[in-house]
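The structure under discussion appears below in the form of structure tokens.
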Amino acid sequence: MISKRKKFLLRSVATAIALAAIGAAVKMLVTDHWPSIDPLVSTAWTWTLAALAWVAQPITAPLWLLVAAFVAA
Numbered sequence: 135m136i137s138k139r140k141k142f143l144l145r146s147v148a149t150a151i152a153l154a155a156i157g158a159a160v161k162m163l164v165t166d167h168w169p170s171i172d173p174l175v176s177t178a179w180t181w182t183l184a185a186l187a188w189v190a191q192p193i194t195a196p197l198w199l200l201v202a203a204f205v206a207a
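Numbering follows this note's numbering, with no gaps: position 43 of the sequence shown is 177.
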């Protein structure tokens, strides 16, 4: 019978190997298809920065309450 410590160690090693294999596959896919992925990533990054810049602007409390009401609805 395998002890709990050995099971944990084997499971950890198997998980590490599986994650490394998945990471290598994702890296190969991204490297091969980067020219088609790049516009999507850069656009998402630009939109994220614009949204964060908009949220960081000082606005009044009633406007935040209006936004919170729309989100709650």
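Even for Gly, the Cβ is constructed at its ideal location relative to N, Cα and C.
Values in this document were obtained by computation on a predicted structure and should not be read as measured data.
- The alpha-carbon of residue 161 is positioned some 15 Å away from that of residue 151.
- Per DSSP, reduced to three states, the secondary structure at residue 135 is coil, with no helix or strand assignment.
- Residue state for residue 165 is assigned as helix, using DSSP reduced to three classes.
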